[in-house]
Structures are given as structure tokens and as C-alpha cells.
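Participant: In terms of the UniProt record's numbering, the sequence shown opens at residue 1 and continues consecutively. Even for Gly, the Cβ is constructed at its ideal location relative to N, Cα and C. Dropping a structure here in C-alpha cells format, bear with me for questions.
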Amino acid sequence: VAVKGRGRGGKRDDDEVAGKKDVDDRKSAFVANDGEVMPIAGAEQGPLRGLKYVVKDIFDVKSRVTGFGSPAWAKTHRAAKRTADVVDALTRAGASAVGITHMDELAYAINGENVHYGTPENPRTPALVPGGSSSGSAVACAGTLRGCDFALGSDTGG
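The structure is reproduced here in C-alpha cells:
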């Protein structure tokens, strides 16, 4: 899980809270069809109530094909019959999922680039790749996209 603001001791500056540092969705952080199943509203009560997060395209969301960053995979698989336990747990705790993020194809790279869907742009240093297969999740958090407070990612390479 990526948590925004960790590099500054967990504190955000006023511009970031106000959304003035947002980068937009054109930076390839989000899967284009995530609006079909998003947002998933969090429970009205819970320790994460009011927080927003994004979900890497490796976690199932009911009624949506989990694409794993691969158009070939997405074309040959059906929509998920249930939502991943981690997404359900966050929802029950009050957090709302606001998007599905791009990733390296099949989580099989370390630089964050995807030849099929583009590379999410590093909002802090656009000339550098975002790094990691959870690049869309990292970019969404770093750029405060969709008001994201934290992001789900995964560690395939160790």
C-alpha cells in the first residue's frame, strides 16, 4: 500500500490538500473503463471513513475483467465474480475506491512502463519512469489523482 505524504513525515502541504498539485488522468495512471465499476463507496462508519484509494489492476473488482496490464489477458478472461478480500476489507473499514490503476504487463517488470497502455507519468519528476509494476498506483498517490489518499499495489519481484 502506498500512502501519500510519507516522504514528508506523513504531512501534506496546503496546496496538496487543496488539490492544487493534482496531475490529470491523461497521465495514464488509470484504466480507461474503470468508470464501469467505480467508485465503490466505503462504509459510513469505520477507521478509514472518508479516505479515498485506488486499486491496482491485479486485484479483482466484481463485474470487471481484471486485466493485469495485458490486453491479451483481458480478452481471454471473464469478469470477476467477486471483489478481492483486501478491497472488501478497505470498503468495510470506510475507505472508498475511486479508480483502477495501470501496471506493468502481468506485473513482470520493474520500471513501470507498459507498451500497451502507456507509462504513467511521474508527477514529481516527469523525465523519470515511475518505477515498479504498481506504477499507476504510485503515480495516483504522488499526484493526488482523484483525491487519492492511498493506493493498493503488489510486490511480485521481492
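Should Lys52 go down as buried or exposed, given a rule of 16 or more other Cβ atoms within 10 Å for buried?
Facilitator: For the purposes of this step, residue 52 is taken as residue 52 along the sequence shown, with counting starting at 1. Buried: at least 16 other Cβ atoms inside 10 Å.
Participant: Buried or exposed for Val23, going by 16 or more other Cβ atoms inside 10 Å?
Facilitator: Against the sequence shown, residue 23 aligns to sequence position 23. With a pLDDT of 43 at Val23, under the threshold of 50, the modelled position of this residue cannot be trusted, and the question is left open.
Participant: Where are the beta strand (DSSP E) runs, 3 residues long or more, that stay fully inside the UniProt domain "Amidase" (42 to 158), in chain order?
Facilitator: Listed in chain order, the complete beta strand (DSSP E) runs (minimum 3 residues) inside the UniProt domain "Amidase" (42 to 158) are 52 to 56 and 96 to 101.
Participant: Residues in its own chain within less than 8 Å of Glu113 by CB, not counting five upstream and five downstream?
Facilitator: As a working note, residue 113 is residue 113 in the sequence shown. Cβ neighbours of Glu113 beyond the five flanking positions: Asp104, Thr119, Val129 and Ser135.
Participant: Please classify Arg26 as buried or exposed, where buried requires at least 16 neighbouring CB atoms within 10 angstroms.
Facilitator: Sequence index remark: in the sequence shown, residue 26 carries index 26 (1-based). Here the model assigns Arg26 a pLDDT of 44, short of 50, so the residue's position is not dependable, and the following value carries that caveat. By the neighbour-count rule (16 or more Cβ atoms within 10 Å), Arg26 is not buried but exposed.
Participant: Could you tell me the distance, in whole angstroms, from the CA atom of Glu44 to the CA atom of Ala95?
Facilitator: Position 44 of the sequence shown holds residue 44. Position 95 of the sequence shown holds residue 95. CA-CA distance, Glu44 to Ala95, rounds to 9 Å.
Participant: When you compare each of Phe150, Ala109, Ala138 and Ile110 to Glu121 by their alpha carbons, which one comes out closest?
Facilitator: Position 121 of the sequence shown, counted from the first residue, corresponds to residue 121. When each option's Cα is compared against that of Glu121, the closest is Ala138.
Participant: Taking 9 Å as the cut-off, decide whether the C-beta atoms of Ile100 and Arg64 are in contact.
Facilitator: Here the question's residue 100 lines up with position 100 in the sequence shown. Here the question's residue 64 lines up with position 64 in the sequence shown. Yes. Within cutoff.
Participant: Answer with buried or exposed for Ala107, where buried requires no fewer than 16 other C-beta atoms within 10 angstroms of its C-beta.
Facilitator: Counting from 1 along the sequence shown, the entry for residue 107 is found at position 107. Ala107 comes out buried.
Participant: CA-CA distance, Arg146 and Val98?
Facilitator: The sequence position of residue 146 within the sequence shown is 146, counting from 1. The sequence position of residue 98 within the sequence shown is 98, counting from 1. So the alpha carbons of these two residues sit roughly 7 Å apart.
Participant: Give me the Cβ distance between Phe30 and His102, rounded to the nearest whole Å; I'm assuming they're in contact under 8 Å.
Facilitator: Counted from its first residue, the sequence shown places residue 30 at position 30. Counted from its first residue, the sequence shown places residue 102 at position 102. The pair is a contact, with the Cβ atoms about 7 Å apart (cut-off 8 Å).
Participant: In its own chain, which residues sit with a C-beta less than 7 Å from the C-beta of Asp60, not counting the 5 before and 5 after it?
Facilitator: As a first step, residue 60 is located in the sequence shown; it is residue number 60 there, counting from the start. Cβ neighbours of Asp60 beyond the five flanking positions: Thr66, Ala80, Arg82, Thr83 and Ala84.
Participant: So, Gly69 versus Tyr117, is the Cβ gap smaller than 9 Å?
Facilitator: As a position in the sequence shown, residue 69 is number 69, starting the count at 1. As a position in the sequence shown, residue 117 is number 117, starting the count at 1. Taking 9 Å as the Cβ cut-off, Gly69 and Tyr117 qualify as a contacting pair.
Participant: How would you call Gly143, buried or exposed, if buried means at least 16 neighbouring beta carbons within 10 angstroms?
Facilitator: The count along the sequence shown starts at 1 and reaches residue 143 at position 143. Looking at its Cβ environment, which holds 16 or more other Cβ atoms inside 10 Å, Gly143 is buried.
Participant: Please look up how many angstroms separate the CB atoms of Pro47 and Ala89, rounded, as I've assumed it's under 8 Å.
Facilitator: As a first step, residue 47 is located in the sequence shown; it is residue number 47 there, counting from the start. As a first step, residue 89 is located in the sequence shown; it is residue number 89 there, counting from the start. The pair is not a contact, with the Cβ atoms about 11 Å apart (cut-off 8 Å).
Participant: Can you give me the Cβ contacts of Thr156 inside the same chain, cut-off strictly under 8 Å, excluding the 5 residues immediately before and after it?
Facilitator: In the sequence shown, residue 156 corresponds to position 156, counting from 1. Excluding positions up to five away in sequence, the list reads Ala107, Tyr108 and Ser133.
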